[in-house]
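Visitor: Keeping their order, the protein sequence lines are chains A and B. Quick note on numbering: the numbering used here labels position 123 of the first sequence as 115, and the sequence is numbered without any gaps. Quick note on numbering: the numbering used here labels position 30 of the second sequence as 22, and the sequence is numbered without any gaps. Quick reminder that beta carbons are idealized off the backbone N, C-alpha and C, glycines included. These numbers were taken from a predicted model, which means no experiment stands behind them.
Number of protein chains: 2
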Amino acid sequence: MALEIERKFLVRNTDWRAGKGQLMRQGYLGGGGGTTVRVRLAGERAWLTIKGPTTGATRAEYEYAIPADDARDMLASLCPGPLVEKRRFEVEHAGFTWEVDEFLGDNTGLVVAEIELESEDQLVPLPAWVGEEVTGDPRYYNASLARHPYRQWR
Amino acid sequence: MALEIERKFLVRNTDWRAGKGQLMRQGYLGGGGGTTVRVRLAGERAWLTIKGPTTGATRAEYEYAIPADDARDMLASLCPGPLVEKRRFEVEHAGFTWEVDEFLGDNTGLVVAEIELESEDQLVPLPAWVGEEVTGDPRYYNASLARHPYRQWR
Chain A
-7 MALEIERKFL VRNTDWRAGK GQLMRQGYLG GGGGTTVRVR LAGERAWLTI KGPTTGATRA
53 EYEYAIPADD ARDMLASLCP GPLVEKRRFE VEHAGFTWEV DEFLGDNTGL VVAEIELESE
113 DQLVPLPAWV GEEVTGDPRY YNASLARHPY RQWR
Chain B
-7 MALEIERKFL VRNTDWRAGK GQLMRQGYLG GGGGTTVRVR LAGERAWLTI KGPTTGATRA
53 EYEYAIPADD ARDMLASLCP GPLVEKRRFE VEHAGFTWEV DEFLGDNTGL VVAEIELESE
113 DQLVPLPAWV GEEVTGDPRY YNASLARHPY RQWR
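This is the structure in structure tokens:
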């Protein structure tokens, strides 16, 4: 098991953008009580990831590489749609690697920047393009975006 | 992906019993729409198994070996109890290997014999100790036994 400690922010502009990013498709196999079971496909690599309930910025995470064909099958047949599709960019800033997710499909218009921490109180220098912090806001959980996509908000 | 094609029976007596069997503990990470995500621990081996909805005697199955410590963690912290505990016996009969599960804990008293098939119409010689067929009866799904254990039946 790993602990995932993560802060999440909206972005102010597109100054983070560099390269083409990595296209990802993911869906969820139910779960409950705050636990999620995610199937993620990125090119020809795929993972099954179990995450426990979030406390603060922290949740338990168990991740296993699986065959891409299995992921394709599960996304097509077992994950209730719509799937979450996004392009992930890795952006270096002050010795930290940010993951910036530009969502597609039903979540087009949403861009979220994430940073993984060693501990909840670790200080991270924020890039100028980082905006409002949304850590812990359940609307921005990717599992929530599968059920209540950004385009349906408000 | 594999297809799991399986028939399931109650037993008439204990003539199947030989050896000590393998103790297994398993729990479920939610799921939905007939999909189950199972964590199984058997000694120091463990698996994460996703099964799709059952059609007849057939369901899609994706199984991945995982570290036993991960399984222990997930069973303790992420699987809503009670867990399903059983002792599994492998019993040879007429060239087929039957799996006989003697349930423990809240499911004590229940014994189920399963046989995996190559196709739904494959003929299998039934041992004399095999009783009523319960293939497709959702009460006997292990995921159901976690929520509605045998001791609560009447």
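1) Note down the Cα distance separating T47 (chain B) from T41 (chain B), rounded to an integer number of angstroms.
2) Quick one: which chain A residues come within Cβ less than 7 Å of M66 (chain B)?
3) I want to see whether chain A comes within less than 7 Å of V29 (chain B), judged by CB atoms only; does it?
4) If we call anything under 7 Å between Cβ atoms a contact, is L118 (chain B) one with I(-3) (chain B)?
5) Does L33 (chain B) pass the burial test, meaning 16 or more other C-beta atoms within 10 Å, or should it be called exposed?
6) For P130 (chain A) and G26 (chain A), I'd like the C-alpha separation in whole angstroms.
7) With a Cβ-Cβ cutoff of 7 Å, do D62 (chain A) and Y54 (chain B) count as a contact?
8) Given that a residue counts as buried once 16 or more other Cβ atoms are within 10 Å of its Cβ, and exposed if not, what is G22 (chain A)?
9) Could you tell me the distance, in whole angstroms, from the CA atom of R9 (chain B) to the CA atom of F81 (chain B)?
10) Counting contacts by CB-CB distance shorter than 7 Å, is G73 (chain A) in contact with chain B?
11) I'd like to know whether the C-beta of G19 (chain B) is nearer than 7 Å to at least one C-beta of chain A.
12) Taking 6 Å as the cut-off, is the CB of T27 (chain B) close to at least one heavy atom of the ligand MN?
13) Hey, quick one: how far does the alpha helix (DSSP H) through D61 (chain A) stretch, first residue to last?
Guide: Let's see:
1) 18 Å
2) I42 and Y54
3) yes
4) no
5) buried
6) One C-alpha to the other measures close to 10 Å.
7) yes
8) buried
9) 7 Å
10) With 7 Å as the cut-off, G73 (chain A) does not count as an interface residue toward chain B.
11) no
12) In terms of ligand content, the structure shown is empty, and the ligand MN therefore cannot be addressed.
13) A60 to S69
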